[in-house]
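Data first, discussion second: the structure below is written as structure tokens.
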Amino acid sequence: MNINWIWVAAFAVSSVLRADYVELKSGTRIEGRILAENADGLEIEVGANEAGTIRRVLIIHSSEISTWAADSRKRVPEKDRQTVNRLAGSDYVKRLLAEAERKVDDRKFDMGILEFQQAAEIATQNLDELQGEEKLAALNLRAHALRLAVAALEGKVELIENETDGVKEELEERKDKWERDWDQLQDEIKEYQRRGGTKRVELGSRRSTNDFVQREEELRIEKGSIDHAIRTVGVRVEELERMKVEAEAKIKLLEERVDQAEDEAKEAEREARRRR
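Its first residue numbered 952, the sequence shown is counted upward by one per residue in this note's numbering.
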């Protein structure tokens, strides 16, 4: 786990009023005060000595982080503000969107969809503190994130449909091949019997009754395997159909959220124009 502890000496440290937090991919939640954030990770102060002269700071690598949140910039000392990237900042949200898009590209649709929705919420987390163009930008960013979530869900539906068609087609091909092989064997048996059981085959060899019995048994075993596959595929297809219905329902709900977000963004744009 890429987490390091450092002890920082300081002449004065303001007390933590409300805790920022970091949630790790392992499920662990760490609370404290986020001091700095960069491409590699972030630093969170989790404690200090009684005199406030030594701070305990945890450095967490970005690969370990699931999500994090920080309170208003007003709590952060002036000297720290240049190194702290607040969670509601558009740059951070855009980075979350980029990470979600990579997951969708890797066909990790559920993870990507969840992160798109989280980014949408984070984009307007401090909306009450924003005015004018900043508020408009945050609302547009939320609408954009929700549209991406809808697109990812549509991609998931397409993937489900492709998998459903694929398993059905594969099974149909097995069934068709078995039927052809079975019909061919029955024709050969009839021809063998018509010739009095002495049918010649390639290279002058002879086909015996045992050959037909063995081949017939192999095909019966294959038929049993196909029947089992039909039952298994049936269960899988039902599961895929359920997943598709759920995804389509989520699309409808998200589309309503997109419409609402776009309406709010348009209202914010009108308000910004009135202020100009």
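Where a beta carbon is used, it is the ideal one built from N, C-alpha and C, also for glycine.
Problem - As assigned by DSSP and simplified to three states, the class of S1013 - result: helix
Problem - Beta-ladder partner(s) of V973, from DSSP - result: I981, W1019
Handout entry: Extent of the continuous beta strand (DSSP E) to which E994 belongs
Key = 992-999
Problem - Exposed unless 16 or more other CB atoms sit within 10 angstroms - verdict on V1152 - result: At V1152, the pLDDT of 44 sits below 50, so the modelled position is not reliable; the number obtained from the coordinates is stated separately. Result: exposed.
Exercise for the section: Count the other C-beta atoms from every protein chain shown that fall within 10 angstroms of the C-beta of V1209, then say buried if there are 16 or more, exposed otherwise. Expected result: buried
Exercise for the section: Give the C-beta separation of I1111 and A1051 to the nearest angstrom, bearing in mind that I take them to be a contact with Cβ-Cβ under 8 Å. Expected result: So it is not a contact: roughly 19 Å between Cβ atoms.
Exercise for the section: With DSSP as the reference, please indicate the residues paired to R1053 in a beta bridge. Expected result: Note: R1053 sits in no beta bridge, so no partner.
Practice task
Pull up the distance between the alpha-carbon of V1044 and that of L1099, whole angstroms please.
Solution key: 13 Å
Exercise for the section: Tell me whether the beta-carbon of E996 lies closer than 8 Å to the beta-carbon of R980. Expected result: no
Handout entry: Backbone secondary structure at N1077 - three-state DSSP
Key = coil
Exercise for the section: Measure how close the beta-carbons of H1012 and D991 come, nearest whole angstrom, since I'm counting them as under 8 Å. Expected result: 6 Å
Practice task
State the beta-bridge partners of N989 as determined by DSSP.
Solution key: G992
Problem - Exposure label - A999; buried when at least 16 CB within 10 Å - result: buried
Problem - Separation of I1140 from G1117, as counted between CA atoms - result: 35 Å
Practice task
Take R1125 and list the residues in its own chain whose beta-carbon comes closer than 8 Å to its own, dropping the five residues that flank it on each side.
Solution key: I1177, A1180
Handout entry: Residues near A1216 in its chain [Cβ-Cβ closer than 6 Å; skip 5 each side]
Key = L1090, N1091, A1094
Practice task
Would you identify the three-state DSSP class for R1125, choosing helix, strand or coil?
Solution key: helix
Problem - Buried or exposed by the 16-neighbour rule on C-beta atoms within 10 Å, applied to N989 - result: exposed
Problem - For R1131 and V1184, the rounded distance between their alpha carbons - result: 22 Å
Handout entry: DSSP state of Q1165 mapped onto helix, strand, coil
Key = helix
Problem - R1171 - DSSP class collapsed to helix/strand/coil - result: helix
Problem - Supposed close pair I1073, L1047 - CB separation, criterion 8 Å - result: 7 Å
Practice task
Would you mind stating whether Q1205 and V1108 have Cβ atoms separated by less than 8 Å?
Solution key: It should be pointed out that residue 1205 corresponds to Leu in this sequence rather than to Gln. Going by C-beta atoms, L1205 is not nearer than 8 Å to V1108.
Problem - Same chain, Cβ closer than 7 Å to T1018, five either side skipped, listed in chain order - result: E974, Q1069
Practice task
Determine the DSSP secondary structure at K1195, reduced to helix, strand or coil.
Solution key: helix
Problem - Exposed unless 16 or more other CB atoms sit within 10 angstroms - verdict on K1128 - result: exposed
Practice task
Starting from the Cα of T1230, find the closest Cα among R1146, E1105, Y972 and give me that residue.
Solution key: A query on residue 1230 cannot be resolved here, the shown segment of the chain reaching from 952 to 1227 and no further.
Practice task
Leaving aside the five residues before and after D1061 along the sequence, list all residues of the same chain whose C-beta is less than 8 Å from its C-beta, in chain order.
Solution key: K1107
Problem - Alpha carbon of E1286 to alpha carbon of R1058, nearest angstrom - result: Shown here, the chain extends from 952 to 1227; a query on residue 1286 therefore has no answer.
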